[in-house]
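These notes concern the structure reproduced below.
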Amino acid sequence: MLLHGMLHAETGAEAWLRYAPLGETEAAKYSSLPASVVVLGDSLLLHSAQQETIRGARGMLGRTLREATDQVREESIVLGSIAALNTAAPVLKHPPELRGDGFWLTTGNVNGFTCLIIAGATDRGVLYGVFALLSRIARGESAVQLDDLEQPYAPVRWVDDWDNLNGRIERGYAGRSIFFDGGKVRDDLTRAGDYARLLASIGINGCAVNNVNADPKVLADDFLPQLARIADAFRPWGVQMAISVDLSTPKVIGGLDTFDPLDPRVRDWWLKKVEDIYKLIPDFGGIVVKADSEGRSGPSTYGRTPADAANMIARALKPHGGLVFYRAFVYNHHLDWLNPKNDRAKAAYDNFHPLDGQFDDNVIIQIKYGPIDFQVREPVQPLFAGLRNTNEAIELQITQEYTGQQRHLCFLAPMWKEVLDFDLQVENPPRRHGDTEKIGPSGHRIIGSSAQLLTSRSPDHPGSPDRPVLASWGGHPITRSPDALLTPVKDLVAGKVFHRPTGGFVGVANVGLDANWLGHPLAMANLYAFGRLAWNPNLSARAVADEWTQLTFGRDPLVLRTISSMLLSSWHLYESYTGPLGIGTLTDITGSHYGPGVESSERNGWGQWHRADHQGVGMDRTQATGTGYTAQYPEAVARVYENLATTPDDLLLFFHHVPYTYMLRAGKTVIQQIYDSHYEGAQGAQQLVVQWESLKNHIDDERYEAVLARLEYQAGHAIVWRDAVCNWFLRISGIPDAKGRVGHYPNRIEAEAMQLQGYSVIDVAPPETASEGKAVECSATAQNCAAVFHFQEKAGWYDVDVQYFDQNSGASKFRILVDNQVVDEWSAGDALPSAKINGDTSTRREIRGLALRPGDEIRIEGFPDRGAHAALDYMELHPASGYVQATAGNPGSHGHR
Ligand code: GCW
16 MLLHGMLHAE
26 TGAEAWLRYA
36 PLGETEAAKY
46 SSLPASVVVL
56 GDSLLLHSAQ
66 QETIRGARGM
76 LGRTLREATD
86 QVREESIVLG
96 SIAALNTAAP
106 VLKHPPELRG
116 DGFWLTTGNV
126 NGFTCLIIAG
136 ATDRGVLYGV
146 FALLSRIARG
156 ESAVQLDDLE
166 QPYAPVRWVD
176 DWDNLNGRIE
186 RGYAGRSIFF
196 DGGKVRDDLT
206 RAGDYARLLA
216 SIGINGCAVN
226 NVNADPKVLA
236 DDFLPQLARI
246 ADAFRPWGVQ
256 MAISVDLSTP
266 KVIGGLDTFD
276 PLDPRVRDWW
286 LKKVEDIYKL
296 IPDFGGIVVK
306 ADSEGRSGPS
316 TYGRTPADAA
326 NMIARALKPH
336 GGLVFYRAFV
346 YNHHLDWLNP
356 KNDRAKAAYD
366 NFHPLDGQFD
376 DNVIIQIKYG
386 PIDFQVREPV
396 QPLFAGLRNT
406 NEAIELQITQ
416 EYTGQQRHLC
426 FLAPMWKEVL
436 DFDLQVENPP
446 RRHGDTEKIG
456 PSGHRIIGSS
466 AQLLTSRSPD
476 HPGSPDRPVL
486 ASWGGHPITR
496 SPDALLTPVK
506 DLVAGKVFHR
516 PTGGFVGVAN
526 VGLDANWLGH
536 PLAMANLYAF
546 GRLAWNPNLS
556 ARAVADEWTQ
566 LTFGRDPLVL
576 RTISSMLLSS
586 WHLYESYTGP
596 LGIGTLTDIT
606 GSHYGPGVES
616 SERNGWGQWH
626 RADHQGVGMD
636 RTQATGTGYT
646 AQYPEAVARV
656 YENLATTPDD
666 LLLFFHHVPY
676 TYMLRAGKTV
686 IQQIYDSHYE
696 GAQGAQQLVV
706 QWESLKNHID
716 DERYEAVLAR
726 LEYQAGHAIV
736 WRDAVCNWFL
746 RISGIPDAKG
756 RVGHYPNRIE
766 AEAMQLQGYS
776 VIDVAPPETA
786 SEGKAVECSA
796 TAQNCAAVFH
806 FQEKAGWYDV
816 DVQYFDQNSG
826 ASKFRILVDN
836 QVVDEWSAGD
846 ALPSAKINGD
856 TSTRREIRGL
866 ALRPGDEIRI
876 EGFPDRGAHA
886 ALDYMELHPA
896 SGYVQATAGN
906 PGSHGHR
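This note's numbering runs 15 ahead of the 1-based position in the sequence shown.
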C-alpha cells in the first residue's frame, strides 16, 4: 500500500528531520502523548527544545501541543535539566551516570501528573533528548514507559567545513558556502541555522566553519564581528563555532615581523586576538590548525615543534575553555620517489609520536583515520596507539573527496565502523576506571564496560564476547588472547584507554547551498552516520542505515530494505571498480581526485605511490625489506601486516609489493583479481540502478528522479573506471584477462573509426581514460560536427550507449539520428570537475529500445559550446533488454550512463 500523503515534492532540505505525517494507525500509537510541553527554566537551548517538540508533533501527529513554562498543571512532556527537575520533582531518582551531553527519557510523576520527562545534565542534553524522542516517533518506536539513558561516547563530536571566505568550498560538491560569499560572512545565515539544527539532531556540538587552508583574514578585526553572527545562528542548537587559522597570521596581517611561537610578541598577539574573539563570542569552541602541511607555513619555519605552536594558542584559549585541534596531517610532499625507503604513510607518527606528553591538556591532535589521505581503503593510522599522554580525535571525511564526490553512491559507515572497531592491541594499557570483570558464557573473564561488550557483539564485528577478535580488514579474524584488553580506535580517540580529559570525533562535512546539502540525495546518510557513530560508535552500520532511511524516506518496508541494502553495499562496490586490494583509488591525485588516472600518483613527491611495474605492484612497507612502516604499530598488529601470508587481501598492496601472479587467499592471482573486481564492481553499479527503479512510486518523484540520474551516471562512470584501470594493468603486466574481457569490446564502434564530418581525432591523456586512447573533438569554431556509420547487424531492438565527454567549460549538445529521424538529444551541461577530455568527463548516454535494420545510417551530431568540444569516444550496441522487448513500440527511455 502506498502512503500517498508522503509522496509530496521533497527537495531534501529537511534531510532526516522531515516530520512527515504518520498514517492514522501509526499516529494512534501516540494518542496517549500529553497535550502540553512544559519547559523548566529559560534558555535559548530549552526554547529550541520546546519549539522542536511542538514542530515534530505537529508534523507527524497533526497536533499542536500547548506550551508552558515552569508549572506542570496537567499531564505533560516535561523538558529540563537534572537540576531543574530535582526542584520540580524531588522524588524522581535520576541516574547518577548522567553527565556531559547525555539525556534521560523517562516517565514519572511531576506535581501529581504522569509526565514524559526529557532530562539532561545540561540544556544541550535536553535538546538531544527531544530529537531522540522525535526520531523514535518518526520510526514508529514506542514512546510510552520510556526509561532510556544515553550518554555520548566522547565529549568532542565536531564537524569541519572547508569553506573559503570567497564562498568556494575546497573539496565541496554541493554548491557554494552557506557561511561566506565574496570575502564576507553572508547576510542571510538562515541555512547556517538550519545546518546547526541538523547537527544538533545527531549530537554534533562543534563546527569549524572555514577551510583548514585558512585565509589569515578570518582573524582580521573587522571579520570577527561577522563570525559572531555565525555563532549566533549556531547558538540555539548548542553548536559551538570554531575557526581554522593560519599560523603566519601575526606576520601576514598582524604587523609583526615574525610568527615564531616562542616569541613573546607572537604569544601576546594570540592572547589579545583570542580575548577579542571571546568578547564577541563567549561560547567560541576553539581553533583548528593545519601547519607545515601542503605548503602551509608552520613552526618548522623557526625550528619549533607542533607542540610549541599548539600550546601557544592553547594557553590563550585555556582561560575561556577553548580547544586547539592541531592536525597530524603533516608530511613532506616533495618525497623522492626513487628512494624505496621513503614513505609518506610514516609521517604522522614520525612527527607526533616523539612529542607525546608535550601538549597541553586543551590540545587535541586531530588524526585522519589512515596514514595517507582519506583513500577508499587504508589501514588504521598507527598514531592512534602512539599517543598515550596526548588527547586525540579521529578525522573522518563525510564529503566524498576520494570516494566519488557525491556523484557516486558511497555510504561510508561500514568503513568507519571497521576503523573505529579496529583493535590496535595497545601494549600494557592502563586499567580503565570503572572496568569490570565479568565471567562470560564460556567461563573466561571479559574486561570492560558494557560498551566494550557491545563492541564485540556488534553485527558488523566478527567477534563475540566469547571470542574477541582483531577486527581485521577483509574479514580475516585473528583470534586474540582472551585476557588482553580491547583497545579499539573508538576507545583510543574517546580518551577511554589512557584516561584523557577530552577527545573524540571530527568529520569533514563541506555541505553547500544546494537544497539537499550534499548534492546526492543519498549522501546525507554519511552526515547522519557520522553524527550517530560519534555519539555511539557501537551502533552497527546497518542500524544507522536503517534509521536514516526511515527518517528520510518513510517506513515503506520495500523502501527501507532497498535503500538500506544499496547503502551498505556501496562502499565495497566503489572500492572494487576503483582501487581494490589496498592499492589506493588510482584516481588523478594531482588534479580533481575524481576520475581514473592510474599513473598520476607515481614519479612525484606526493607519496601516494603504488609502484606498479612490469613484474608486480604494491608498496613494500615491511620492516624486513621495505619502508619499515609496519613497525609503527603495536607488536601484535605489526606482526600481521609484516607477514604476507597474514595480511588481509584487501590491504595486500598497501603493505607488500607482489608479482601479478601472486596467489590471493581468494584463490586467484592478483592481476585476475584486479580485472574481476573491476568487472564485478561495474556490474554492481548497474545493479544499483535496477534496485532503485523498484522504488518508483514508492517515494516522491523529485527525489526518485534526482537519485536515478546520479545512479545512471555512476553506472556509466564505473565502466570508465573499469576500462581505464583494467587496460592500464593489461598494458603494464602483459597478462591477459583469463575471461577475455579486457581489451575486447565486440559491440563497440570507436568514434575515430566512424565517418567523420568536421570532427578530428585526438589523443586522450592519460590514454587509458578513452577507448583505444583516442577520441574525436569538434573545433570550438565549428557550428557542429558529425560521426556517422552504417548498421550492419541483424534487424531487431537495440540499446545504444554513446560515450561522450562532458567538459565543464561549456554545454555541448548532442543528437542521434537513425536514418534522419532524431531518436535522442541531450545537452552535456553537467559540472564535472574538469575542462579536459579525460576520465573526469567521460560520460555515458544510454538510449534504450531502438529498432535497427541492416543498412541504417546512425549519425551522432555534436554541437560545441565555448570551450566544450562535443567530444565522442565510442558507441556500443547491445540487443535490447527484456523490458524493452516486452513493450516494443514504446519509444524507449534513456539516461546518462
Ligand atoms: O585530502 C587533502 C585534500 C586537500 C585538503 C587536505 C587536508 C584542505 O586534497 O584539499 O586540504 O587533504 O586535509 O588538509
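Ideal Cβ positions, reconstructed from N, Cα and C, are used throughout, including at glycine.
Small disclaimer: the values here were computed from a predicted structure and weren't measured.
Assigned secondary structure, residue i (DSSP; H/G/I helix, E/B strand, else coil)
i: V939; result: In this structure the chain extends from 16 to 912, so residue 939 is not present and cannot be described.
i: Y656; result: helix
i: D175; result: strand
i: T40; result: helix
i: W968; result: This structure cannot settle anything about residue 968, because the visible part of the chain is limited to 16 through 912.
i: F568; result: helix
i: S842; result: strand
i: D163; result: strand
i: H759; result: coil
i: C425; result: coil
i: D691; result: helix
i: I258; result: strand
i: H587; result: helix
i: L537; result: coil
i: P611; result: strand
i: L5; result: Since the first residue shown for the chain is 16 and the last is 912, residue 5 is missing from the structure and cannot be characterised.
Rounded straight-line distance, which links the Cα of residue j to that of residue i
i: L500; j: P444; result: 8 Å
i: D163; j: G519; result: 23 Å
i: D196; j: L528; result: 11 Å
i: S585; j: A524; result: 19 Å
i: G336; j: D209; result: 26 Å
i: V779; j: S263; result: 42 Å
i: S579; j: G117; result: 28 Å
i: D57; j: Y293; result: 23 Å
i: L61; j: V145; result: 10 Å
i: A363; j: Q638; result: 18 Å
i: G811; j: T858; result: 26 Å
i: I69; j: D85; result: 17 Å
i: I258; j: L703; result: 39 Å
i: V735; j: F437; result: 33 Å
i: A223; j: N742; result: 43 Å
i: G463; j: V512; result: Its pLDDT being 32, under 50, G463 is placed unreliably in this model, and the value from its coordinates should be taken loosely. Their backbone Cα atoms lie some 11 Å apart in a straight line.
Own chain residues within Cβ distance below 8 Å of residue i, not counting five before or after
i: G77; result: P36 and A42
i: M327; result: P276, L277, V281, R282 and W285
i: T577; result: Q706, W707, S709 and L710
i: V722; result: H535, P536, L537 and W707
i: S308; result: R342, F344, V345 and Y346
i: L439; result: V395, P397, F399, A400, T502, P503, V504, L507, Y648, P649 and V652
Cβ-based neighbour list, residue i, same chain, cut-off 7 Å, excluding 5 preceding and 5 following
i: A211; result: A248, F249, W252 and V254
i: E25; result: D715, E717 and R718
i: A681; result: D664 and Q688
Cβ-based neighbour list, residue i, same chain, cut-off 6 Å, excluding 5 preceding and 5 following
i: R311; result: K305
i: L149; result: G71
i: I132; result: V93, T121 and G123
i: A540; result: F426, W563 and L582
Any non-hydrogen atom of ligand 1 closer than 8 Å to residue i Cβ
i: H608; result: yes
i: N551; result: no
i: F389; result: yes
i: E393; result: no
i: S315; result: no
i: W177; result: yes
i: K809; result: no
i: V227; result: yes
i: F344; result: yes
i: R718; result: no
i: E787; result: no
i: S192; result: no
i: R183; result: no
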